[in-house]
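Undergrad: Submitted below is the structure of interest, expressed as structure tokens.
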Amino acid sequence: MKQETTFRRGKSSPRVDYHCHISMKEYADIDHPTIVTVSKEEFISDLDAAGFDKAVVLSDSRTTPERVAEFVKQAPDRFIGFGYVNPVRRDAAESVLEQKDELGLFGLKLYPTTDGYRPDDYRAFKTYEAAVSLDMPIMLHHAGMPEPHDLLKHSDPAQIDAVASCFPKLRIILAHLGYPRVDETLYVLRKHKNVWADVSWPYGDVNHPSYRFMLWRDLLTALNLGVMDKLVFGTDYPGVRQKFYKELLVSVNKYAPHEDLKIPKEKLEAITSDNIKPLLP
Ligand SMILES: [Zn+2]
Numbered sequence: 004m005k006q007e008t009t010f011r012r013g014k015s016s017p018r019v020d021y022h023c024h025i026s027m028k029e030y031a032d033i034d035h036p037t038i039v040t041v042s043k044e045e046f047i048s049d050l051d052a053a054g055f056d057k058a059v060v061l062s063d064s065r066t067t068p069e070r071v072a073e074f075v076k077q078a079p080d081r082f083i084g085f086g087y088v089n090p091v092r093r094d095a096a097e098s099v100l101e102q103k104d105e106l107g108l109f110g111l112k113l114y115p116t117t118d119g120y121r122p123d124d125y126r127a128f129k130t131y132e133a134a135v136s137l138d139m140p141i142m143l144h145h146a147g148m149p150e151p152h153d154l155l156k157h158s159d160p161a162q163i164d165a166v167a168s169c170f171p172k173l174r175i176i177l178a179h180l181g182y183p184r185v186d187e188t189l190y191v192l193r194k195h196k197n198v199w200a201d202v203s204w205p206y207g208d209v210n211h212p213s214y215r216f217m218l219w220r221d222l223l224t225a226l227n228l229g230v231m232d233k234l235v236f237g238t239d240y241p242g243v244r245q246k247f248y249k250e251l252l253v254s255v256n257k258y259a260p261h262e263d264l265k266i267p268k269e270k271l272e273a274i275t276s277d278n279i280k281p282l283l284p
């Protein structure tokens, strides 16, 4: 049925992919990760093909905030730039200010697992204070990583619970639904007004179609906890394209074995647009 894959949304809400890269390591073949890079033209054509208005472009240690700022400047009406810091470094808070003022970046991306620190490390608090005072949302990579040295102890939702409790005004977005600690991550969303999660690609076995069932299962947990409106759409582009993932998201109810286990369609639709409003410039 064609209408299954069509989204409706509030007139004033743009449709946004809140989790994209311009160059990333892609793990579809876990033993041979590859680097995927996109041009502005390819990126915009993918957004258009999926009917998306805007995309958040994330920095990391390899794709620097300077490079992301340059990229975003090519189409500022389509791209929203996020910088990057390692918040336990001495110069982090200063760098946050520069990324906002000099590079014009809107938010920040942190990688506690890759950079090897706990999000509730007190040394990171200066970065959180700076982000609050500059009104910058912070996205954390909040999931396992297939690299053996990227430790799961650095993506524990209990640490985010502590940060959100110390910084209630800090807008926090937890990437990848906190996989594999999805239930706890969703509970943190329930507790804290300013914590969201993006539904971008979790790092399970994406070569087996059962990951689609797992997305439905996790969304059902979000529905049960009353946090569907705290979920924002993300793909981990260019690893995953918007059109494919949007269609997958809106068709998850095919896994529901009973009427009571279906996710209301308007709540699935809101993930790509209305839910994202509090996180836009
Ligand atoms: Zn990502």
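According to this note's numbering, the sequence shown is numbered sequentially starting from 4. By construction, the Cβ of each residue, glycine as well, lies at the ideal position given by its N, Cα and C atoms. All values derive from a computational prediction rather than experimental measurement.
#1: When you compare only the Cα positions, how much space is there between Thr37 and Ser64?
#2: Am I right that Val202 and Ile274 are in contact with their C-beta atoms under 8 Å? What's the rounded C-beta distance?
#3: Going by DSSP, what residues sit across from Arg200 in a beta bridge?
#4: Could you check if Leu271 is buried or exposed, using at least 16 other CB atoms within 10 Å of its CB as the buried criterion?
#5: Rounded to whole angstroms, how far is the Cβ of Thr130 from the Cβ of Ala95, which I believe are closer than 8 Å?
#6: For Ile33, is the classification buried or exposed, using 16 other Cβ atoms within 10 angstroms of its Cβ as the cut-off for buried?
#7: Distance, Cα to Cα, Tyr240 vs Ser213?
#8: Hey, would you say the C-beta of Asp239 is under 6 Å away from at least one heavy atom of ligand 1?
#9: Count the other C-beta atoms from every protein chain shown that fall within 10 angstroms of the C-beta of Glu7, then say buried if there are 16 or more, exposed otherwise.
#10: So within the region 88 to 175, which uninterrupted alpha helix (DSSP H) runs reach at least 4 residues, ignoring any that extend past its ends?
#11: Ordered along the chain, which non-local residues of its own chain (more than five positions away) have a Cβ less than 8 Å from that of His144?
#12: Determine the extent of the beta strand (DSSP E) in which Asp20 is found, giving its start and end residues.
#13: For Leu189, collect the residues of the same chain with a Cβ closer than 6 Å to its Cβ; drop the 5 residues on either side in sequence, then sort them by chain order.
#14: Where does the unbroken beta strand (DSSP E) through Glu29 begin, and where does it stop?
#15: Around the Cβ of Tyr125, are there at least 16 other Cβ atoms within 10 angstroms (buried) or fewer (exposed)?
#16: Are Phe82 and Ile25 closer than 7 Å when you measure CB to CB?
#17: Does DSSP put Thr66 in a helix, in a strand, or in coil?
#18: What are the partner residues of Val39, as DSSP defines its beta bridges?
#19: Hey, quick one: how far does the beta strand (DSSP E) through Leu61 stretch, first residue to last?
#20: Return yes when the Cβ of Phe46 is within less than 7 Å of the Cβ of Gly84, no when it is not.
#21: Give the single residue among Ala200, Lys156, Ala133 and Thr66 whose Cα lies nearest to the Cα of Lys172.
TA: Short version:
#1: Going by the C-alpha atoms only, they are around 17 Å apart.
#2: Contact between Val202 and Ile274 holds, with the beta-carbon distance rounding to 6 Å and staying under 8 Å.
#3: Sequence check: residue 200 is Ala here, not Arg. Answer is Leu177 and Leu234.
#4: Looking at its Cβ environment, which holds 16 or more other Cβ atoms inside 10 Å, Leu271 is buried.
#5: In this structure, Thr130 and Ala95 form a Cβ contact; the two beta carbons are roughly 5 Å apart against a cut-off of 8 Å.
#6: So Ile33 counts as exposed.
#7: Computed Cα separation, rounded: 21 Å.
#8: Placement of the Cβ of Asp239 at a distance of less than 6 Å from at least one heavy atom of ligand 1 is found.
#9: Note that Glu7 has pLDDT 41, beneath the 50 cutoff, so the model's placement of it is unreliable and no number is given.
#10: DSSP runs (the alpha helix (DSSP H)) wholly in the region 88 to 175: 95 to 104, 115 to 118, 128 to 136 and 160 to 169.
#11: Around His144: Lys112, Leu113, Tyr114, Pro115, Thr116, Thr117, Ser158, Ala178 and His179.
#12: DSSP places Asp20 inside the beta strand (DSSP E), whose first and last residues are Val19 to Cys23.
#13: Only residues of its own chain outside the window of five on either side were considered, and among them Thr224, Ala225, Leu228 and Val230 have a CB closer than 6 Å to the CB of Leu189, listed in chain order.
#14: Ser26 to Glu29 is the span of the beta strand (DSSP E), which, as asked, contains Glu29.
#15: Within 10 angstroms of the beta-carbon of Tyr125 lie fewer than 16 other beta-carbons, which makes it exposed.
#16: No. Outside cutoff.
#17: Secondary structure at Thr66: coil, using DSSP grouped into helix, strand and coil.
#18: Within the DSSP bridge table, the entry for Val39 names Met27 as partners.
#19: Annotation for Leu61: the continuous beta strand (DSSP E) segment containing it runs Lys57 to Leu61.
#20: In this structure, Gly84 lies away from Phe46, with their beta-carbon atoms at least 7 Å apart.
#21: The candidate whose alpha carbon is nearest that of Lys172 is Ala133.
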